[in-house]
Amino acid sequence: MKYFRIATLVLFLMPLSAMACGPSPQKVTKEIVIKAEPAKIWALLSDFGAMQKWHPGVVAVVVESKPDTNGKDALFRTLKLKSGGSLSEKQRETQSDEMKLGVVMLEGDFAVSNYSDAITIKPSTADGESLVTWVGRFNNKANAMQAPAGEDDATAIAAVNAFYGAGLQGLKSVLEKN
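According to numbering that gives the first Met the number 0, the stretch in the sequence shown is residues 0 to 177, in order.
So, in structure tokens, the structure goes:
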């Protein structure tokens, strides 16, 4: 009888544990080789307010320094997008020695939720070239396992791939022109 009660309890709780799960986190990684020294690329990327100089989908950036939710001073930016929308982001990390910039999106007109990313620059195998890697982690816009069309994983992944692809090509174009 004791085992029957335990088995019944387990069977009762199993559906509840499944409902507690959220959507599967997604990850997109894009890389590009740029004919420029890492320091030259870092000089442009590390300027938190300069994204419109290299990303064709960003027309303006407003940067503000203010306390974050923990009361620590942080950099925030609003990206005005060519599409007419905007994104609000917080600089999560800047590691000059590793040439790494990390950002978290707070809100915006983008097909994702719980978004964070990091861009890193490393010397390439060829002299005078660098490998730029952009990695993002996020959930779909609906933040749901059964998201409606347009707010689902496929839409989120496609949007991030397109944004990264355009940005990296823009970065390459700007840096290889100079």
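For glycine and all other residues, C-beta sits at the position ideal for the given N, C-alpha and C.
Scanning its chain for C-beta atoms nearer than 7 Å, with the 5 sequence neighbours on each side dropped, one finds around Gly164 the residues Lys29, in chain order.
According to the DSSP assignment, Glu175 belongs to the alpha helix (DSSP H) that extends over 152-176. Closest option to Met98, judged by alpha-carbon separation, among Gly83, Ala42, Leu167: Ala42. In the same chain as Ile156, and ignoring 5 residues on each side of it, the C-beta atoms closer than 8 Å to its own belong to Gln25, Val27, in chain order.
Comparing alpha-carbon positions, the option among Gln90, Leu86, Ile33 lying closest to Lys176 turns out to be Ile33.
Thr68 and Asn139 have their alpha carbons spaced roughly 24 Å apart. Counting along the chain, the unbroken alpha helix (DSSP H) around Pro37 starts and ends at 37-44. Nearest neighbour of Gly83 by Cα position, chosen from Pro55, Gln94, Ser45, turns out to be Pro55. Taking Leu78 as reference, the option from Lys71, Ser129, Gln90, Gly70 with the minimal CA-CA separation is Gln90. By a beta-carbon distance limit of 8 Å, Val60 contacts Gly48. Their separation comes to about 5 Å. Scanning its chain for C-beta atoms nearer than 6 Å, with the 5 sequence neighbours on each side dropped, one finds around Ile120 the residues Pro37, Ile40, Trp41, Met98, Ser129, Val131, in chain order. In the displayed model, Met104 falls within a strand according to three-state DSSP. By the criterion of a C-beta distance shorter than 8 Å, Glu92 is surrounded in its chain by Lys99, Leu100, Gly101, Ala117, once the five residues flanking it on both sides are discounted. Closest in alpha carbon position to Gly166, among Gly149, Gln51, Ser112, is Gln51. Arg136 has its alpha-carbon roughly 19 Å from the corresponding atom of Gln94. Setting aside the 5 residues that flank it on each side, Leu86 is surrounded in the same chain by Thr77, Leu78, Leu80, Met104, Glu106, Gly107, Asp108, Phe109, each with a C-beta closer than 8 Å to its C-beta; the list follows chain order.
DSSP places Ser129 inside the beta strand (DSSP E), whose first and last residues are 129-139. Counting the other Cβ atoms within 10 Å of the Cβ of Asp126 gives fewer than 16, which makes it exposed.
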